[in-house]
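>
There are 2 protein chains.
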Amino acid sequence: MKATIYDIANKAGVSTATVSRALGDKQETVRPETRDRILQISNQLNYRPNSLAKNLAKSTTSAIGLVLPEIQGDFYTEIVKGVDEIAFSGGYHLIVASSHSRRNIVESLLGFMRESLVDGVILMIPSMNGHLEEVLANYKIPVVIINDIHAFDKYDIVSIDNFQGAYSIINYTIKSLNHSKISMITGPSGNYDSQMRKKGYTAALKDAGITIRKDWIIEGDFTIKGGELACSRILSLKEKPDVIFAANDNMAAGCYNASESLGFKIPEDICIIGFDHIELGNFLRPKLTTVHVPVSEIGKTSTKLLIKRLRNKDDKSIEPQHIKISTGIIIGDSVSKLNN
Amino acid sequence: MKATIYDIANKAGVSTATVSRALGDKQETVRPETRDRILQISNQLNYRPNSLAKNLAKSTTSAIGLVLPEIQGDFYTEIVKGVDEIAFSGGYHLIVASSHSRRNIVESLLGFMRESLVDGVILMIPSMNGHLEEVLANYKIPVVIINDIHAFDKYDIVSIDNFQGAYSIINYTIKSLNHSKISMITGPSGNYDSQMRKKGYTAALKDAGITIRKDWIIEGDFTIKGGELACSRILSLKEKPDVIFAANDNMAAGCYNASESLGFKIPEDICIIGFDHIELGNFLRPKLTTVHVPVSEIGKTSTKLLIKRLRNKDDKSIEPQHIKISTGIIIGDSVSKLNN
DNA sequence: CTCAAAAATGTAACCGCTTACATTTGTTAA
DNA sequence: TTAACAAATGTAAGCGGTTACATTTTTGAG
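Chains A and B are the protein sequences, given in the same order.
Number 241 in this note's numbering belongs to position 208 of the first sequence; there are no gaps in the numbering.
Number 67 in this note's numbering belongs to position 34 of the second sequence; there are no gaps in the numbering.
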């Protein structure tokens with residue numbers, strides 16, 4: 034049978050309270066020789082505290098919940114990796130729940146919260162969800178939200194600087210490469226990242242004095258297939274743009290496919306810009322020009338934030354923090370330079 | 034304050050035992066009208082059982098642990114997704130632990146087992162690890178191992194049919210495409226998947242009466258960079274092979290890079306074959322010929338196996354199951370047909 | 001050496017649910 | 001009607017820790 038705290042107390046001739054104190058993290062008042070004796074016996078019996086009992090007694094689980102949207106591709110692996118690494122070094126376990134055919138984000142979240150299964154939650158919200166606000170308001174476990182969203186200002190938020198990323202790369206395309214006929218394939222309409230990327234795009238155009246053409250803004254869905262479809266539509270327009278700015282690399286890859294099958298050469302006939310800088314982009318030919326997003330940084334930062342919150346749970350005074358992760362530009366060969 | 038089972042018992046004028054029975058899963062002996070009353074009050078109070086208390090009382094957690102090797106790329110996302118989906122529908126939570134700079138597989142495993150944090154574990158072991166056997170022997174939580182490994186025959190195992198996959202594609206290359214000068218870039222020497230893929234490769238050659246050249250078997254490390262390096266070495270041999278079989282797609286992608294920079298055209302000057310069929314391969318040009326591995330199937334199958342085990346925990350008689358997930362061939366354009 | 005304060009340890013309730021066993025209530029057959 | 005048995009419910013002891021409060025031991029100033 035597994036050794037319990039009672040066994041140790043017995044063998045050491047002390048009470049369970051003393052054993053608990055000697056073995057606990059917080060520096061408790063135990064005489065050094067007593068502590069040593071307890072530690073030794075504990076080792077000898079190969080004692081491991083039962084975390085279930087500890088959880089119940091302390092109403093705490095040392096676990097962090099990570100709620101992800103429908104998982105696909107590199108992106109999420111990086112997030113999980115970043116979160117896991119920080120969680121682990123902070124002494125937390127990681128419970129993940131991704132939404133899929135049988136479950137949505139809110140359900141995952143509720144599952145965590147209702148059962149007090151985790152001490153805190155990292156929540157990645159790609160787009161607005163009806164019940165979400167209500168759920169968040171009803172349970173008061175610390176939450177860190179990953180997304181570029183302002184409806185949740187009272188929570189800690191970690192977001193990619195989508196606006197800046199899009200603005201920079203479009204600005205570069207205009208100013209340094211002399212382009213002005215730039216179209217965009219957005220993500221799904223409700224998606225926050227997509228919305229901000231679009232704002233960056235329009236702002237850069239506007240600041241450069243370029244009129245925005247609504248017919249050059251096509252809605253995509255962040256998938257490769259979706260990119261293919263949208264690109265085909267753009268390439269069959271009577272008045273074609275010179276550049277397609279896809280709201281993510283997946284769709285940019287779709288553009289490569291469509292261009293290839295429609296006989297458009299990149300970058301001579303059509304230029305492509307992506308967003309995310311996933312591995313895939315490095316293998317597209319010509320190399321994809323895109324916006325670098327430090328994905329695992331997002332996971333790490335949110336976890337750090339959450340853990341800080343958990344460590345100061347009583348101190349309600351700390352203001353919600355909003356951290357923006359900045360992006361960078363990756364210059365590939367998928368956008369040509371125009372001679373003006 | 035959150036409602037407890039006591040509050041319900043009070044309000045309903047029954048004992049906590051009855052409430053517990055009425056609310057529990059197993060069809061207990063409670064009079065219908067009593068059950069109804071309890072259910073009603075439970076709803077009214079918005080009662081949610083405290084899972085921590087339940088865990089302690091039942092010494093069970095309804096959680097499955099998933100231990101992954103160093104996470105990178107598509108592959109693992111698919112596994113997590115598959116596991117999560119099945120775990121969820123079986124009423125289990127998913128706790129993941131990946132090894133990384135600060136932790137290795139055995140540590141993750143120990144963490145789960147020592148603290149009785151999970152009811153069972155799904156363990157992905159890429160290569161032999163000293164303490165592993167010992168750890169597994171010492172704790173008797175149900176374990177499902179994902180890998181092509183025979184040292185652990187007494188556990189449930191789910192494995193990719195690496196041998197068959199490699200054999201088939203090499204055989205196809207020989208028989209249908211008339212190649213005979215086929216080299217291989219393996220994975221890290223200790224890696225089980227790699228070992229079996231190599232066996233499939235050598236068996237196919239041998240069966241076709243082709244002599245195996247040791248100098249055409251180069252060790253790689255499953256990374257893109259590693260593939261690049263190994264490929265360069267092969268391409269600078271005095272006697273070059275016509276085909277390079279990379280033990281995974283990542284390395285195959287590296288081969289593309291190396292071939293490009295050394296001026297070798299695929300498939301005219303050198304042919305490339307991969308393994309895994311990750312998304313990336315679809316974007317290589319020419320399209321990569323590779324072995325399809327149904328990754329999320331692996332996750333799903335192992336989880337089903339584990340849950341079955343957990344549901345029949347007492348029944349020790351069930352023999353360890355060894356399930357092989359079969360692979361398929363994806364024919365791209367990276368291997369030319371020789372006229373013999 | 002004495003005594004008050006500080007340090008160390010002990011006692012036992014508690015976290016909220018489950019469940020073996022005891023008790024009460026209901027049902028059925030003679 | 002009643003004995004015998006089944007069904008429904010109650011009692012209370014866990015599960016294995018934590019911790020408020022009580023008690024004992026140690027320490028050190030006077």
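Note that CB positions come from ideal geometry on N, CA and C, so glycine has one too.
#1: Give the list of continuous alpha helix (DSSP H) stretches no shorter than 4 residues that lie fully inside the region 71-122 of chain B.
#2: Does the count of Cβ pairs from the region 334-348 of chain B and the region 287-294 of chain B closer than 8 angstroms reach three?
#3: Chain B beta carbons: is any one of them nearer than 8 angstroms to that of lysine 114(A)?
#4: List the residues of chain A that isoleucine 340(B) touches, going by C-beta distances under 7 angstroms, in chain order.
#5: Between valine 129(A) and chain B, is any beta-carbon pair separated by less than 8 angstroms?
#6: Could you check whether aspartate 309(B) and asparagine 281(B) sit closer than 8 angstroms to each other, using their CB atoms as the reference points?
#7: Give the residues from the region 141-159 of chain B that approach chain A closer than 7 angstroms (Cβ to any Cβ), ordered along the chain.
#8: Let me see if you follow: with CB-CB separation under 8 angstroms, is glutamate 118(B) close to chain A or not?
#9: What are the boundary residues of the alpha helix (DSSP H) that includes glutamate 312(B)?
#10: With a Cβ-Cβ cutoff of 8 angstroms, do isoleucine 311(B) and valine 368(B) count as a contact?
#11: Is there a Cβ of chain B sitting closer than 8 angstroms to that of leucine 78(A), yes or no?
#12: Under the three-state reduction of DSSP, which class applies to valine 129(A): helix, strand or coil?
#13: At a cut-off of 7 angstroms, would you count valine 52(A) as near the ligand COA, judging by its Cβ distance to the nearest heavy atom?
#14: Let me confirm a value: glutamine 60(A) is counted as buried when at least 16 other C-beta atoms fall within 10 Å, else exposed. Which label applies?
#15: Pull out every residue of the region 73-98 of chain A whose Cβ sits closer than 8 angstroms to any Cβ of chain B, in chain order.
#16: Tell me whether valine 177(A) sits in a helix, a strand or coil according to DSSP, three-state version.
#17: Pull up the distance between the alpha-carbon of lysine 87(A) and that of proline 319(B), whole angstroms please.
#18: Around the C-beta of glutamine 73(A), are 16 or more other C-beta atoms found within 10 angstroms, so that it is buried, or is it exposed?
#19: Strictly by DSSP, which residues pair up with glutamate 252(B)?
#20: Taking C-beta to C-beta, are glycine 233(B) and glycine 260(B) nearer than 8 angstroms?
#21: So, with DSSP's three-state summary, where would you put isoleucine 136(B)?
#22: With a 10 Å radius around its C-beta and 16 neighbouring C-beta atoms as the bar for buried, classify asparagine 180(A) as buried or exposed.
#23: Please confirm whether valine 191(B) and threonine 334(B) have their CB atoms less than 8 angstroms apart.
#24: At 9 angstroms on the CB atoms, spell out the chain B contacts of alanine 279(A), in chain order.
#25: Under 8 angstroms between the Cβ atoms of isoleucine 71(A) and alanine 90(A)?
#26: Hey, how far is the Cα of serine 269(A) from the Cα of alanine 279(A)?
#27: Where does glycine 220(A) land, buried or exposed, given buried means 16+ other C-beta within 10 angstroms?
#28: When you compare each of Pro274(A), Ala285(A), His183(A) and Ile97(A) to aspartate 254(A) by their alpha carbons, which one comes out closest?
#29: Return the CA-CA distance between valine 2(A) and tyrosine 172(A), expressed in angstroms with no decimal places.
#30: In the DSSP assignment, find the unbroken alpha helix (DSSP H) run with valine 328(A) in it and report its ends.
#31: Among Ser216(B), Lys357(B) and Glu272(B), whose alpha-carbon lies nearest the alpha-carbon of isoleucine 245(B)?
#32: Using the Cα positions of threonine 67(B) and glutamate 111(B), report the straight-line distance between them to the nearest angstrom.
#33: Between cysteine 304(B) and valine 276(B), how many whole angstroms is the CB-CB distance? I'm expecting something under 8 angstroms.
#34: What do you get for serine 359(B), buried or exposed, if any count of 16 or more other CB atoms within 10 angstroms of its CB means buried?
#35: Take the Cβ of glutamine 77(B) as the centre, count every other Cβ of all protein chains shown within 10 Å, and call the residue buried at 16 or more, exposed below.
#36: Fully enclosed by the region 154-204 of chain A, which beta strand (DSSP E) runs are 3 residues long or longer?
Quick look at the numbers:
#1: 84-91 and 107-122, all fully within the region 71-122 of chain B.
#2: no
#3: Output row for lysine 114(A): interface = yes.
#4: Chain A residues near isoleucine 340(B): none, gap ~15 angstroms exceeds 7 angstroms.
#5: yes
#6: yes
#7: Arg147, Glu148, Ser149 and Leu150
#8: yes
#9: Premise fails: glutamate 312(B) is in no alpha helix (DSSP H) and is neither H nor E.
#10: no
#11: no
#12: strand
#13: The model depicted lacks the ligand COA and carries no ligand whatsoever.
#14: exposed
#15: Listed in sequence order: Arg81, Pro82, Asn83, Ser84, Leu85, Ala86, Asn88, Leu89, Ser92, Thr94 and Ala96.
#16: Of the three classes helix, strand and coil, the one that applies to valine 177(A) here is strand, per DSSP.
#17: The C-alpha of lysine 87(A) lies about 58 angstroms from the C-alpha of proline 319(B).
#18: By the neighbour-count rule (16 or more Cβ atoms within 10 Å), glutamine 73(A) is not buried but exposed.
#19: The partner list for glutamate 252(B) (beta bridge, DSSP) reads Thr219(B).
#20: no
#21: The amino acid occupying residue 136(B) in the given sequence is arginine; isoleucine does not appear at that position. In the structure shown, arginine 136(B) sits in a strand (DSSP, three-state: E or B).
#22: buried
#23: yes
#24: Under the 9 angstroms cutoff, chain B gives no residues; its nearest Cβ is about 14 angstroms from alanine 279(A).
#25: no
#26: 17 angstroms
#27: buried
#28: Ala285(A)
#29: The requested residue 2(A) does not occur in the structure, where chain A is confined to residues 34 to 373.
#30: DSSP places valine 328(A) inside the alpha helix (DSSP H), whose first and last residues are 328-344.
#31: Ser216(B)
#32: 46 angstroms
#33: 4 angstroms
#34: exposed
#35: exposed
#36: 176-179 and 189-193
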